Every structure is written in C-alpha cells, then in structure tokens.
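Asker: As given, the protein sequences belong to chains A and B, one line each in that order.
In terms of this note's numbering, the first sequence is numbered consecutively and its last residue is 336.
In terms of this note's numbering, the second sequence is numbered consecutively and its last residue is 1336.
Where a beta carbon is used, it is the ideal one built from N, C-alpha and C, also for glycine.
Quick caveat: nothing in here was measured; it's all calculated off a predicted structure.
One structure is given below, represented as structure tokens, and several questions about it will come after.
Number of protein chains: 2
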Amino acid sequence: MDSCVIPLRHGGLSLVQTTDFFYPLVEDPYMMGRIACANVLSDLYAMGITECDNMLMLLSVSQKMNEKDRERVMPLMIGGFRDAAEEGGTSVTGGQTVINPWIIVGGVASVVCQPNEFIMPDGAVPGDVLVLTKPLGTRVAVNAHQWLDQPEKWNKIKLVVTKEEVREAYQEAMFSMATLNRTAAGLMHKFQAHAATDVTGFGLLGHANNLAAQQRNEVAFIIHNLPIIAKMSAISKACGNLFNLLQGTSAETSGGLLVCLPREQAAKFCSEMKSLSCGAGGQGSSGAWIIGIVEKGDRRARIIDKPRIIEVPPRGSPAAHQDNSATSPDANTSLS
Amino acid sequence: MDSCVIPLRHGGLSLVQTTDFFYPLVEDPYMMGRIACANVLSDLYAMGITECDNMLMLLSVSQKMNEKDRERVMPLMIGGFRDAAEEGGTSVTGGQTVINPWIIVGGVASVVCQPNEFIMPDGAVPGDVLVLTKPLGTRVAVNAHQWLDQPEKWNKIKLVVTKEEVREAYQEAMFSMATLNRTAAGLMHKFQAHAATDVTGFGLLGHANNLAAQQRNEVAFIIHNLPIIAKMSAISKACGNLFNLLQGTSAETSGGLLVCLPREQAAKFCSEMKSLSCGAGGQGSSGAWIIGIVEKGDRRARIIDKPRIIEVPPRGSPAAHQDNSATSPDANTSLS
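Quick look at the structure:
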C-alpha cells in the first residue's frame, strides 16, 4: 500500500500516513517544492483520500551552497511546498531541517479518517478498466533537458526531436509532477473505483504489478496504451530504449494515479478529469487515459506487445486543445 | 511546543505529531537507533502523552560505506530503533530510506489523543518546583570519549579525569540518551504537572527559556541545581567552560524532561522516578532531580550564580546505589 493505515483507539477511526523525500530533479526551486509536496500527498490520494490533516516538511540544506544561494533557493523551495500543501487543503505545521552535503526535500502527510473516506486498494474485478491520470515520461524529459548542454548526448537525439520540443516536454513534465492527484482522488469515490496506486519510482509496470499482487480476486492487469509526453518515446527509442520507457519501467516522479474502475464508469471518469484539466500545475488535473483492462489472472500486470503510444502534447500547445485523450471512441474501441 | 497539535474533524480528538532526525553521535549503531527513536518519542512525552499510534522511520544510508559495512551497521541501527519503538508501545510501519553522503536517522511519531491525554505546556504557577529527569552533560561525555584517541585534546583534561571515568561517563550518556521519557510522561499525570518540555539542542537553559516564554501566567524559572554526569563539569571547567555546560547551554541529545510540578508533588515525583530507575537504557527512568523553582516574573529562565552541581554517578557504579538525588532533604532545603 502507498500509505500505512493504523486503526486508532477512538471510534472506528484510522490514522493514514505516508512519508517521502528525495533530491531535487528540476532546476526551479519553487517548482521543486511543489513537486515534493505533490509527491507526498499522492500516496494519500491513491487511497481516494482527499483531505490531509497535517503536513510536516523535511528539509536538508546543502552545506556546499554559499549563504547567498541558500537564502535565495531555500525560501523558494519552502514556498512551493507550502503552496502545494495549501492547495491540498492542509498546512505545514512542523518538520525538521538539517545541514547535509546534498539538498533533500520531502514531507510527512497524515490524516485521520472514517472508514468511508478511503478506498482499500484491493477490490479490482475482471472487467474493470485501468485508467492513468498523468502521462509517462517525466524522467526522460528531465534527462533530455539536461542534455541540451551536453553536445555528446544531444547528438544522440537531435534527429528525432528539436530543442524547443525538449524544452516544452520538460515544462510539461514539471507541471505534471507539480499537479496534485487530489481531483482524481475525489473522482475515485464518485465513480466507485475498486483500487488505485500512484506511479513513481518503479514506473507504470512496477506499480501495476504491486497493485495486482494485492488484489483479493485473482486478476491480471493488461496494459494496451501508454500515454507519454510528446516525443519522449522517440527519444527513448533513439537511445536504445532509454530507461525502458516503452517497457513501462522508467521511473516517474509524482506520477499519476493508476485506477481500476468499473467498465461503465471509466469513460466518465476520464471525461470529468479532462474537463478539470489545468493550465500549469497545482489544482485540477493533467487529464486521464484508459490504458488497459482487468482480466482473470495470476495477480500480475503486463504490457501487450506493441502497445499503442498516446502522444500527450504539452499543455498550452495547440494540439493540447484537441480531444486526443483515450476517452475518444477510438481508444475505447481498441480495448474492447 | 515540542509537538504540533492539530484539532481533527472527528469528535474532539487531536493529532499530535513530531519529527526529528540527526546524524549519529555514538559509535554503537544499535544504541544510535535506540537514541534516535527515544529522541523522537520524547517530544510526545514532554506533553504527558504516553502512547504513540504510529512511528515512521527516516533513514539515509551513507554512500561512502562499503557494502559489507552497510550490511553490518544498518540492520543494527534499524533494530535499535524498532526495539525502542516497541518499548514505547508502538511499532514502525513505514518510512523512507535514501542514499546520502552522511548517515541520517530519525522518525515521525504520531498519536491521536483525547483532550485529557495531553498536558498543554503553559500552566506553570508561582510556587511550582522544577524537576529534571536526566542528568546533563551528554555532549561533553561524547566529546571527551572521542578525545581518548587524540593526545593533544586528552592532555587538556587528563589532570581532572581518568580514562576509565571518561569511558564510564560515555556509557552513562549513551544509556541515558537511549532511555525513554515515557515513565516521566506517565508520572506527569499522576502528580498533576503544570507544564513540561524536553531538553535537547538548546541545552537546559535554552529549553527552560522557551518553556517560560509560553506560560499563561507571568512566571520566571529559577534554576539552583545542575545534575550532571559525574566528572563532566570538571572537564568543562578544565577546557575553559567547554560548551558552556555550567551556563546551561550545552546541547543535549534525547535529554530529560524539564517538568513544572506543584510544590507538594515534586518530591514524590522524584522518588517514584528514582524507584523506577533502570539499569541500561530503555524502559524505566534515569532518575529525577529537583533543580529549581517557579516565581512571579517575566517569562524567562535563569540559573543562579554558583548553582549546586549534583554529580550523577554512572548507573552500575557503587555510588549510584546511594541516594544522592535531589530528593534528599538537603537538596530540598537548598531551594526553600
């Protein structure tokens, strides 16, 4: 499970809690703060929890930064973290900061819930549909962006992508990672989700496997479609399957929710997610795509041979305003 | 306050939470794990809370350790942390581990409480007595122990202390830091404590000042006695007031509770703490000493000129079995 659930001594309540911290991966300290907070909250959202009673911030300040840089960078990072917490309806009331060779940023999210406030991630049934609420490819986008300044690396991919496309993909990845999965968590209740997890370090397939393994029923998850930030699959292929993006094991940071929904609810879930999509991080959603189905099986997940790649254009680009999500009839058809 | 207290949406309950992490300061990884856990729990105990619903462990593994050392050291540290959590009546159900240049160990303690389970640290009244539940001097002891192998440093203190005394003081400091303040937290309710805090990085005077500043009544804390691990005041003096131990600002790790008790309860509190004192870390207590009084004043704390130094012998030493705590008539007299 993404969070721990502790039965309390009081009136059927449970304490649900999660922690996560990591090292910065984008250059913008404010956005990095937002991403770190979104990433911590995501473990609650994966259980359909939309509230958070308290957030603690965990920080380490790099001893290698000079004082001027420290005073410029750290308040921005803290500010981003706080703003994302506020969007999550909570606030940062405590935490701890230490000096360390590297910067670390993370937090602890806690909420006390009644039983109807969370959805245990073990109720998938054959016939369910799998939905993903953020595109894949954040790690490829972050790396490709670093290669803009490394001619040797850049030469490997310059035939398949332009510098402008890499910059746009990086922006899209950053906004996507900073977007809270809170909207998706709310819609999990509205559309009776059976189970969910969030996609992070183990990649889509890794987390799909973990989720499949926890199911009460003997089910398997079959993934047909891979929504990926535009051009990232081309970059991955050009580099000989960089990070195994198309095999589903490329690490994501603060990725989307992978949700098991009743077949008759999935398209409505996607359509409502799409209508709430936001411009640039924070509240709202990054969209949602139907990516596969739940069958009877041995509690594992797999991606079919030659999955359909859904190229997700950067928000703000003209292409983003066309309906190219898997809620279109075409994508639904490909699964049935 | 040592912990954050978050009113919950459910039935008058509060979420009380605290986090702390730091770098190892003793050589024994198992004891280091115990100390880290005791240190986190201490913030709850300072509020008279004796239960903990959940503990998360935060760890970073040093990238500079080779695999063999890592496999030897980390399980011991985790084991010590878990054992201390178990003694605190809780268990470690989650957390996060990262790779880092330095080892970090810490945790997050959370509990959901009814209002009568915690004591807000703001009710001191003139006439109260101040009690401290662990001796001071842990930092001096840890440093002096490192000096055993540094002839230049050792020469500074060899006239006032023997190597054996330093080793005993280091053991005492280690056991004391690993002792949970849980017994003291329980006795705070039994003896109607008015306020408390735990003594850590700011030293006795720093934390006494913080506690005084939060009081509802206009009070001042006057400290007359300093219980200090045997020989540590001599070392501090020999080094020109090392760490300002006698000024009350030497940092402590996982120090005792500083408790404001009604005058008629303080001696009973100390006597019960003493009777529960333990051999070597963990449950029980390190003792308790009356160290001062609460007067009308400007919400500050001070140490009198020439405070009485109470030399606290290492547990296990013959001297430890004599009643030399401030519960003796002599010590009480010196305050009245």
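(1) DSSP beta-bridge partners for V1105/B?
(2) Identify the continuous beta strand (DSSP E) that holds G1187/B and give its terminal residues.
(3) Distance, Cα to Cα, P227/A vs I309/A?
(4) For K1156/B, name the three-state secondary structure that DSSP assigns.
(5) Rounded to whole angstroms, what's the CA-CA distance from A1109/B to R1009/B? Just pull it up for me.
(6) Under 6 Å Cβ to Cβ from I154/A, same chain only, skipping five residues before and after it: list those, please.
(7) Provide the residue span of the alpha helix (DSSP H) that contains L1211/B, from first to last.
(8) Using DSSP with H/G/I as helix, E/B as strand and the rest coil, what is Q171/A?
(9) Tell me the DSSP secondary structure of G1281/B in three-state form.
(10) Any beta carbon of chain C sitting closer than 8 Å to that of F175/A?
(11) Scan the stretch 90-110 of chain A for residues whose Cβ lies nearer than 8 Å to a Cβ of chain B and list them as they occur along the chain.
(12) Grab me the residues of Y170/A's own chain with a C-beta within less than 6 Å of its C-beta, minus the 5 sequence neighbours each way, in chain order.
(13) Near D1002/B, which residues of its chain fall below 7 Å by C-beta distance, leaving aside the five closest residues on each side in sequence?
(14) With distance defined between alpha-carbon atoms, name the residue in G1106/B, C1113/B, M1055/B and G1095/B nearest to S1085/B.
(15) Use the C-beta contact count for E27/A: other C-beta atoms within 10 angstroms, 16 or more gives buried, fewer gives exposed.
(16) Ignoring anything shorter than 4 residues or poking outside the stretch 27-55 of chain A, list the alpha helix (DSSP H) runs there in chain order.
(17) When the distance is taken between beta carbons, is V294/A closer than 8 Å to P126/A?
(18) Span of the alpha helix (DSSP H) holding F1081/B?
(19) Taking 7 Å as the limit between beta carbons, can you name the residues of its chain near Q356/A, skipping five residues before and five after?
(20) Can you list, in chain order, the residues of its chain with a C-beta nearer than 6 Å to that of G94/A? Leave out the 5 residues immediately preceding and following it.
(21) If the cut is a Cβ gap below 7 Å, which residues of chain A does D1053/B touch?
(22) What separation, rounded to the nearest whole angstrom, lies between the Cα atoms of W1289/B and V1131/B?
(23) If you drop the 5 nearest sequence neighbours on each side, which residues of the same chain put their C-beta closer than 7 Å to that of Y23/A?
(24) What separation, rounded to the nearest whole angstrom, lies between the Cα atoms of S1062/B and G292/A?
(25) Is T1200/B close to chain A, meaning its C-beta is less than 8 Å from at least one C-beta of that chain?
(26) Are the beta-carbon atoms belonging to F947/B and R1167/B less than 8 Å from one another?
(27) Output the distance between the C-alpha atoms of M174/A and C4/A, rounded to the nearest integer angstrom.
(28) By a C-beta neighbour count over all protein chains shown, 10 Å radius and 16 as the cutoff for buried, is L1159/B buried or exposed?
(29) Taking beta-carbon pairs under 9 Å, can you tell me which members of the stretch 1111-1142 of chain B lie near chain A?
(30) Check for me: the beta strand (DSSP E) holding N1225/B runs from which residue to which?
(31) So who's on the other strand from N100/A, going by DSSP bridges?
(32) Among the residues of its own chain, which have a CB less than 6 Å from the CB of V73/A, if the five just before and after it don't count?
(33) So what's I994/B in DSSP terms, helix, strand or just coil?
(34) At the level of alpha carbons, what is the spacing between K209/A and R302/A?
(35) How long is the line joining the alpha carbons of G79/A and V92/A, rounded to whole angstroms?
(36) So what does DSSP say about V111/A, is it helix, strand or coil?
Answerer: Result, derived from the coordinates:
(1) F1022/B and L1059/B
(2) Contrary to the premise, residue 1187/B reads as Leu rather than Gly in this sequence. It is not in any beta strand (DSSP E) - L1187/B instead sits in the alpha helix (DSSP H) that spans R1182 to K1190.
(3) 6 Å
(4) helix
(5) 20 Å
(6) According to the sequence displayed, residue 154/A carries Trp and not Ile. So the list reads W147, once near-sequence residues are dropped.
(7) G1203 to A1213
(8) helix
(9) Residue confidence is low: G1281/B scores 48 on pLDDT, short of 50, so the model does not pin down where it sits. Its coordinate-derived value is still stated next. Looking at G1281/B - three-state DSSP - the assignment turns out to be coil, as it is neither helix nor strand.
(10) Reference to chain C is not applicable here, since the protein chains of this structure are A and B.
(11) T93, G94, G95, Q96, V98, N100, P101, W102, I104, G106, V108 and S110
(12) A141 and H145
(13) T1018, D1043, A1046, M1047, T1197 and D1198
(14) The sequence shown places Ala at residue 1085/B, rather than the Ser named in the question. The shortest C-alpha separation from A1085/B is found at M1055/B.
(15) exposed
(16) 29-45
(17) yes
(18) E1067 to E1087
(19) Residue numbering for chain A in the displayed model covers 1 to 336; residue 356/A lies beyond these limits and cannot be assessed.
(20) L56
(21) I6, L8 and L15
(22) 5 Å
(23) W102, I103 and I104
(24) 40 Å
(25) no
(26) Outside the displayed span of chain B (1001 to 1336) sits residue 947/B, for which this structure offers no information.
(27) 28 Å
(28) exposed
(29) V1111, V1112, C1113 and Q1114
(30) V1219 to I1229
(31) S62/A
(32) P29
(33) No statement about residue 994/B is possible, as the shown extent of chain B runs from 1001 to 1336 and does not include it.
(34) According to the sequence as given, residue 209/A is Asn; it is not Lys. Roughly 8 Å separates the two Cα atoms.
(35) 11 Å
(36) strand
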